[in-house]
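Asker:
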Amino acid sequence: MYLTLIALPLIGGIISGLLGRKIGKEGSQIITCTGIIISCILAITAYYEVGFNGSSVNMIAIKWFESETISINWGIQIDSLTVSMLLAVLIVSVSVHTYSIEYMREDPHSQRFFSYLSLFTFFMLILVTGDNLILIFIGWEGVGVCSYLLISFWYRRIEANKASIKAFIMNRIGDWGFSIGLYILYSVYGNWDYSTIFALTPIINENLIAIISICLLIAGMGKSAQLPLQTWLADAMEGPTPVSALIHAATMVTAGVYLLLRASPLLEYSSTGLMIITIVGGLTAFFGATTALVQNDIKRLIAYSTCSQLGYLFIAVGCSNYSTSIFHLVNHAFFKALLFLSAGGVLHALNDEQDMRKMGGLVNLLPFTYTNILIGSLSLMALPFLTGYYSKDIIIETAFGQFIFMGTLAYWLGTITAILTAAYSFRIIYLTFLSEPKGPRINYESPLHENLFFFTYPLIPLAFASIIFGYLFKDLFIGLGTSFWANSLFVHPNNMSFVESEFHNISIIKLAPLIGSIFGAIFAYMLPGPKAYQLIPSIIRFNIFRPFNMLHNRYWFDNIYNGLFLYPVLYSGYISSKILDRGIIEYLGPYGISNSFYSYSKILSRFDTGYIPYYALIFIISLISLIWISDIKLLLLFFFLLVLL
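Throughout, this note's numbering is defined as the position within the sequence shown, counted from one, plus 2.
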């Protein structure tokens with residue numbers, strides 16, 4: 003069952019990619035969607051067997067390679083953490099695949115698109131189910147390549163090509179950290195298997211563990227778009243909307259968090275690593291929320307919301323609250339996929355208009371889409387009795403429950419982020435649906451595609467999960483005394499703070515994020531649109547540093563990277579090309595050698611005049627030169643030959 007679960011997306015992707023012209027659009031859609039649906043059903047079955055019955059599975063599919071002291075097997079590990087990830091990945095993937103049937107109907111290359119989607123899911127399954135870090139690295143690189151192909155799917159658009167290259171390069175920085183971490187792990191542990199690494203960690207030097215933890219953090223920062231490697235996430239919106247939903251909800255950006263969750267028995271023995279993870283997560287959550295406030299592109303706003311929510315996941319990991327982190331990851335996958343796919347319906351209905359300032363008045367024209375975005379936004383705001391409420395607020399509470407400076411800092415950053423999240427979430431609802439119509443008339447007169455089957459029904463399971471999943475599974479995931487996680491997650495006794503956060507935090511500390519979220523939503527309602535965010539520069543006026551401009555320009559991260567890295571590299575490449583490649587190397591290399599032969603042969607050709615005295619002179623000079631450069635033996639041989647003649 004488990005091998006079939008992994009293999010079906012691969013088979014569908016290969017058939018759709020290589021035989022797309024033979025089977026056609028409908029055949030490609032049927033094969034890929036059927037494979038993903040069957041895999042999802044098997045994943046739900048695996049969740050019941052492993053999660054509820056506690057029957058984890060470890061198997062070796064094939065022996066991969068052996069060399070001296072190292073042996074790597076293609077092994078599969080199915081435990082509680084794995085099945086939780088499988089549930090989120092495959093449910094979202096099924097919704098995205100079926101939604102794409104209608105969304106990509108008019109695209110002439112839909113076979114290639116569905117092939118990429120299935121391969122994307124397959125590599126994520128490899129990453130999740132592997133029983134050693136080498137298999138994680140294979141899935142890690144696979145999702146990176148597939149994200150590049152999907153972001154640049156409309157390759158005739160220059161912005162799509164630039165966005166895909168940017169995502170690929172930023173992820174290569176994270177891959178560099180992962181690679182260094184793998185080298186250090188092998189030098190310290192002599193193996194890459196989970197069981198070996200986690201068993202030996204308590205007796206390893208803490209400084210080495212801290213270095214390995216930082217390397218894994220760099221890897222997670224690249225994949226999960228954490229500061230300062232977050233710049234690719236918003237630009238990835240150049241791809242089709244189903245791609246954005248798959249990347250942001252369940253595959254690419256969750257890979258970094260999964261790596262840290264899987265490495266929890268390693269991270270627990272590095273207080274330095276946990277502290278840095280907490281700082282990175284808190285700053286990223288605040289950055290994403292403040293940047294999302296001033297975005298007018300609906301897809302970019304939701305993208306920065308993803309960046310902010312991933313910061314919460316890193317805060318939970320840094321606070322050793324791994325169960326809440328994976329719980330919020332699964333919850334976030336459902337309502338974020340719902341938001342992206344619903345936003346895709348809005349774009350499709352308004353002729354691909356993405357600027358919220360040119361929307362409005364859609365509440366009566368797109369009631370089903372409005373309901374879905376309302377559910378997703380309220381769950382993102384973590385209002386009570388919705389899915390997001392049962393995980394996000396607990397992350398903030400447990401950060402304060404550590405009673406240390408880093409935990410308190412993470413608490414206040416998380417609380418401020420929750421307030422800002424409510425503001426921009428309600429801003430989406432107001433500007434898109436509740437405000438006066440502001441777009442061109444043709445957008446409202448064109449037929450709105452809400453009655454199409456594949457634009458509506460794939461969103462229903464996501465909507466229900468965004469409402470009830472958190473309530474139904476909160477005790478299983480994060481309940482006191484739950485045995486669901488067994489040995490898949492590890493928390494050192496010195497780092498446990500769940501009980502303190504539950505019973506020692508005062509009520510105002512627990513209610514502050516909720517109260518702040520309500521006031522944030524009211525503030526966004528009272529001052530809708532850009533007016534709500536023009537108060538800041540009017541209160542604080544500087545000639546150079548203006549907060550509104552800083553947020554609108556995304557803290558100038560792109561400008562800083564261009565000034566510090568991109569332009570110097572391009573200039574050094576220009577100098578290298580002009581002076582070295584096309585200068586010294588060419589002059590001393592093939593071009594110089596061929597040119598010298600041509601020049602010298604041209605000089606020698608002047609002696610070929612046909613005049614016999616010239617030939618005699620050349621012969622005499624050559625003979626004297628030969629005698630001069632030769633030793634006495636050659637000279638005696640020459641005279642001996644003359645005597646014989």
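Glycine included, each C-beta is placed from N, C-alpha and C at the ideal position.
Across the stretch 208 to 224 and the stretch 272 to 287, are there enough close Cβ pairs to call them in contact, namely three or more that are closer than 8 Å?
Answerer: Because the criterion of three Cβ pairs below 8 Å is met, the stretch 208 to 224 and the stretch 272 to 287 touch.
Asker: Between Phe316 and Ala401, what straight-line distance do the alpha-carbon atoms span, to the nearest angstrom?
Answerer: Position 314 of the sequence shown holds residue 316. Position 399 of the sequence shown holds residue 401. For Phe316 and Ala401, the distance between alpha carbons rounds to 11 Å.
Asker: Taking the C-alpha atoms as reference points, what is the distance between Gly15 and Pro369?
Answerer: Residue mapping note: residue 15 aligns to position 13 of the sequence shown, counting from 1. Residue mapping note: residue 369 aligns to position 367 of the sequence shown, counting from 1. Spanning the two alpha carbons is a distance of roughly 35 Å.
Asker: May I ask you to check if the CB of Arg114 is nearer than 6 Å to at least one heavy atom of the ligand MN?
Answerer: In the structure on display, the ligand MN does not appear, and there are no ligands present to speak of.
Asker: Kindly indicate the opening and closing residues of the alpha helix (DSSP H) around Gln311.
Answerer: What you label residue 311 is simply residue 309 of the sequence shown in a count that begins at 1. Note, Gln311: alpha helix (DSSP H), Ile300 to Gly320.
Asker: Figure out for me which residue from Ile623, Met239 and Tyr157 has the closest Cα to the Cα of Asp354.
Answerer: Within the sequence shown, numbered from 1, the residue matching residue 354 stands at position 352. Checking every option, the nearest Cα to that of Asp354 belongs to Met239.
Asker: Please identify the residue among Tyr426, Ile517 and Pro570 whose C-alpha is closest to the C-alpha of Phe288.
Answerer: Position 286 of the sequence shown, counted from the first residue, corresponds to residue 288. The residue with the shortest Cα to Cα distance from Phe288 is Tyr426.
Asker: Which value, in whole angstroms, describes the spacing of the CA atoms of Ile199 and Ile377?
Answerer: Counting from 1 along the sequence shown, the entry for residue 199 is found at position 197. Counting from 1 along the sequence shown, the entry for residue 377 is found at position 375. Using only the alpha carbons, I get a separation of about 43 Å.
Asker: By a C-beta neighbour count over all protein chains shown, 10 Å radius and 16 as the cutoff for buried, is Phe648 buried or exposed?
Answerer: There is simply no residue 648 to check, as the chain begins at 3 and stops at 647 in what is shown.
Asker: I need the DSSP call for Glu51, collapsed to helix, strand or coil.
Answerer: The count along the sequence shown starts at 1 and reaches residue 51 at position 49. Three-state DSSP puts Glu51 in a helix.
Asker: By DSSP, does Glu68 sit in helix, in strand, or in coil?
Answerer: As a position in the sequence shown, residue 68 is number 66, starting the count at 1. Glu68: strand per DSSP, three-state reduction.
Asker: Using three-state DSSP, classify Gln536 as helix, strand or coil.
Answerer: For the purposes of this step, residue 536 is taken as residue 534 along the sequence shown, with counting starting at 1. Only weak support exists for where Gln536 lies, its pLDDT of 43 falling under 50; the value from the coordinates is given anyway. Coil, per DSSP.
Asker: Would you call the stretch 333 to 340 in contact with the stretch 458 to 471, where contact means no fewer than 3 C-beta pairs closer than 8 Å?
Answerer: Yes, since at least three Cβ pairs between the stretch 333 to 340 and the stretch 458 to 471 fall closer than 8 Å, the two stretches touch.
Asker: How is Gln113 classed by DSSP in three states: helix, strand or coil?
Answerer: In the sequence shown, residue 113 corresponds to position 111, counting from 1. In the structure shown, Gln113 sits in a helix (DSSP, three-state: H, G or I).
Asker: Taking the beta carbon of Asn561 as the centre, do at least 16 other beta carbons fall within 10 Å, making it buried, or is it exposed?
Answerer: Looking up residue 561 in the sequence shown gives position 559. Counting Cβ neighbours within 10 Å, Asn561 comes out exposed, since fewer than 16 surround it.
Asker: Measuring only the C-alpha atoms, how far is Thr6 from Ala48?
Answerer: Counting from one through the sequence shown, the residue named residue 6 turns up at place 4. Counting from one through the sequence shown, the residue named residue 48 turns up at place 46. Whole-angstrom Cα-Cα distance: 12 Å.
Asker: By alpha-carbon positions, which one of Ser381, Leu352, Phe500 and Met358 ends up nearest to Leu367?
Answerer: Within the sequence shown, residue 367 is the residue found at index 365, counting from 1. Closest option to Leu367, Cα to Cα, is Leu352.
Asker: Measure the C-alpha to C-alpha separation of Phe139 and Leu129 and round it to an integer number of angstroms.
Answerer: Your numbering for residue 139 matches position 137 in the sequence shown. Your numbering for residue 129 matches position 127 in the sequence shown. Answer to the nearest angstrom: the Cα atoms are 7 Å apart.
Asker: Just to confirm, are Gly346 and Thr233 a CB contact at a threshold of 7 Å?
Answerer: Along the sequence shown, one-based indexing puts residue 346 at 344. Along the sequence shown, one-based indexing puts residue 233 at 231. The answer is no: Cβ separation not under 7 Å.
Asker: Decide if Met61 is buried, meaning its Cβ has at least 16 other Cβ atoms within 10 Å, or exposed.
Answerer: Stepping through the sequence shown from its first residue, residue 61 is reached at position 59. The residue is exposed, with fewer than 16 neighbouring Cβ atoms inside 10 Å.
Asker: Once DSSP output is grouped into helix, strand and coil, what is the label at Gln31?
Answerer: Position 29 of the sequence shown, counting from 1, holds the residue named residue 31. Reduced to three states, the DSSP call for Gln31 is helix.
Asker: With a threshold of 7 Å between beta-carbons, can Lys394 be considered close to chain D, or not?
Answerer: This model lacks chain D altogether; it includes just one protein chain.
Asker: Return the chain-ordered list of same chain residues with a C-beta closer than 7 Å to the C-beta of Gly522, the five sequence neighbours on each side being excluded.
Answerer: Residue mapping note: residue 522 aligns to position 520 of the sequence shown, counting from 1. Once the five neighbours on either side are set aside, the close Cβ partners of Gly522 are Ile421, Leu422, Ala424 and Ala425.
Asker: Tell me which same chain residues have a C-beta within less than 7 Å of the C-beta of Ala294, skipping the five on either side of it?
Answerer: As a working note, residue 294 is residue 292 in the sequence shown. Once the five neighbours on either side are set aside, the close Cβ partners of Ala294 are Leu303, Tyr306, Ser307, Ser310 and Tyr426.
Asker: Considering His99, what are the terminal residues of the alpha helix (DSSP H) in which it resides?
Answerer: Taking the first residue of the sequence shown as position 1, residue 99 is located at position 97. Here the alpha helix (DSSP H) through His99 covers Ser82 to Tyr105.
Asker: Mapping DSSP to helix, strand and coil, what is Met3?
Answerer: By 1-based counting over the sequence shown, the position of residue 3 is 1. Looking at Met3 - three-state DSSP - the assignment turns out to be coil, as it is neither helix nor strand.
Asker: Ile418: which of Pro386, Ala291 and Lys164 sits nearest, CA to CA?
Answerer: Counting from 1 along the sequence shown, the entry for residue 418 is found at position 416. Here the closest residue by C-alpha is Ala291.
Asker: So which of Ser578, Tyr617 and Leu248 has the shortest CA-CA distance to Asp335?
Answerer: Numbered from 1 along the sequence shown, position 333 holds the residue referred to as residue 335. Reading off the sequence, residue 335 comes out as Ala, not Asp. Here the closest residue by C-alpha is Leu248.
Asker: Taking the alpha carbon of His330 as the point to measure from, which residue in Leu382, Ile375 and Phe116 has its own alpha carbon closest?
Answerer: Locating residue 330 in the sequence shown gives position 328, where the first residue counts as 1. Ranking the options by Cα distance to His330, first place goes to Leu382.
Asker: Within 10 angstroms of the Cβ of Met669, are there 16 or more other Cβ atoms? Answer buried if so, exposed if not.
Answerer: The first residue shown for the chain is 3 and the last is 647, placing residue 669 beyond what the model contains.
Asker: In the DSSP assignment, find the unbroken alpha helix (DSSP H) run with Tyr391 in it and report its ends.
Answerer: For the purposes of this step, residue 391 is taken as residue 389 along the sequence shown, with counting starting at 1. Start and end: Tyr391 to Phe402.
Asker: May I ask you to report which of helix, strand or coil DSSP gives Asp477?
Answerer: The residue you call residue 477 lines up with position 475 of the sequence shown. Residue state, collapsed to three classes: helix.
Asker: Could you tell me whether the Cβ atoms of Glu270 and Gly403 are closer together than 7 Å?
Answerer: One-based indexing of the sequence shown puts residue 270 at position 268. One-based indexing of the sequence shown puts residue 403 at position 401. Not a contact, by the Cβ cut-off of 7 Å.
Asker: Pull the bridge partners of Ile167 from the DSSP assignment, please.
Answerer: Here residue 167 refers to the residue found at position 165 when the sequence shown is read from its first residue. In the DSSP output, where bridge partners are listed per residue, Ile167 has none listed.
Asker: Express the C-alpha separation of Lys301 and Pro532 in angstroms, rounding to a whole number.
Answerer: Residue 532 sits at position 530 when you count from the first residue of the sequence shown. Residue 301 sits at position 299 when you count from the first residue of the sequence shown. Here Pro532 scores only 44 on pLDDT, less than 50, and its place in the model is too uncertain to base an answer on.
Asker: Under the DSSP definition of a beta bridge, which residues are partnered with Gly132?
Answerer: Sequence index remark: in the sequence shown, residue 132 carries index 130 (1-based). Gly132 pairs with Ile78.
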